[in-house]
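K.L.:
If you're matching positions, the sequence shown starts at 2 in the working numbering and goes up one per residue. For every residue, glycine included, the Cβ atom is placed at its ideal position computed from N, Cα and C.
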Amino acid sequence: MIDLRRLHVLRAVAHYGTVTAAARALHFTPSAASQQIRQLARDLGVDLLEPQGRGVRLTPAAESLLAHADAIQARWDQAELDLRADHGDPAGVLRVTGFPVAVSVLLAPLAARLGERHPRLSVRITEAVVPAIFDLLFEGAADLAVVESTPHNPPMSDTRFDQQPLLDDPFDLVVPDTHALAARERVDLAEAAHEPWVAPVPESPCRLQVMAACGAAGFAPEVVHHAGDWNATAHLVAHGLGVALIPRLAQVTPHLPITRVRCSGDPHRRLL
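Structure follows, in structure tokens:
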């Protein structure tokens, strides 16, 4: 019989890419984690890991093993849901996580509504960003997440996560109220190609999305200011320091002297 604890270590190695990183996440020593993998390989009579650069990768046998294990876990999870449904009102703890905008606009009101409708169900929210969100899901510290679709995410084909499209959040061009484009109902994003820009900080998922939208419009923006959140971005625009793309779901300080203008082609970010 397969020791499920050893299987969990193997899954962690697949997720984190090295035995050392997996051991750290599981609060094991690297030697203990390695021993668990070696014993699992002996139990099954197959090699489970092979070197890849500075890390390791799963052998085809290990990938097949985890695919079967994931399928079994999914059936077990569904059985638990069915049992709870048979007992009427949902009860227990639902742990959800998401990036900041998702927490404030989607998850907080959802938690409040669920609390009103199902008093025996406790919803617990943790704000996080990718890749930490996927780590929480993988480690079992979260049951459900709302994330942005970015190149940093695991592929949709990754069987460890059930990733489903939730909604598309359009980007609006945000300009000062006094800007010539503020009077327009809709603009081509290329019309702002020669403006100074306020953009998210480099390497962030939001930065990638903004740059991709501008690239699709045929230009690379001249970024003169960087902001770590959408509200700071809006304040920089309000002071006439540039223009920006801000998702429609993002909430900013009310009554700022800024105007949101819809963009032709509806550039957007996808939420999962």
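#1: State the CB to CB distance for the pair residue 175 and residue 235, rounded to an integer number of angstroms; the pair is presumed to be in contact (CB under 8 Å).
#2: How about the stretch 237-255 and the stretch 207-225: do they share at least three Cβ pairs that are nearer than 8 Å?
#3: Any idea what DSSP makes of residue 238, helix, strand or coil?
#4: Within the 9 Å Cβ cut-off, does residue 67 reach chain D?
#5: Starting from the C-beta of residue 180, find all residues in its chain whose C-beta is less than 8 Å away, skip the five residues before and the five after it, and write them out in chain order.
#6: Per DSSP, what kind of secondary structure is residue 101 in: helix, strand or coil?
#7: Determine the DSSP secondary structure at residue 117, reduced to helix, strand or coil.
#8: What is the rounded straight-line gap between the Cα of residue 136 and the Cα of residue 163?
#9: Please name the residue in 66, 58, 263 whose C-alpha comes closest to that of residue 19.
#10: Should residue 45 and residue 67 be called a contact, given that it needs their Cβ atoms to be closer than 9 Å?
#11: Return the CA-CA distance between residue 10 and residue 48, expressed in angstroms with no decimal places.
#12: Use the C-beta contact count for residue 202: other C-beta atoms within 10 angstroms, 16 or more gives buried, fewer gives exposed.
#13: Select from 121, 109, 99 the residue whose C-alpha is nearest the C-alpha of residue 91.
#14: Ends of the alpha helix (DSSP H) at residue 32?
#15: What do you reckon, are the CB atoms on residue 39 and residue 139 nearer than 9 Å?
#16: What residue does the beta strand (DSSP E) around residue 51 start on, and which one ends it?
#17: If you draw a straight line from the C-alpha of residue 146 to the C-alpha of residue 43, how long is it?
#18: Please state whether DSSP places residue 226 in a helix, a strand or coil.
#19: Relative to the C-alpha of residue 190, which residue among 144, 265, 110, 166 is closest?
#20: With a threshold of 8 Å, are at least 3 pairs of Cβ atoms found where one atom belongs to the stretch 97-110 and the other to the stretch 124-135?
P.N.:
To lay it out plainly:
#1: Sure, about 6 Å apart at Cβ, within 8 Å.
#2: yes
#3: DSSP places residue 238 in helix when its eight states are reduced to three.
#4: The question asks about chain D, but that chain is absent: this structure has only one protein chain.
#5: 244, 260
#6: It is helical.
#7: helix
#8: 14 Å
#9: 58
#10: no
#11: 15 Å
#12: exposed
#13: 121
#14: 31-45
#15: no
#16: 50-53
#17: Looking at the two C-alpha atoms, the distance is approximately 36 Å.
#18: strand
#19: 265
#20: yes
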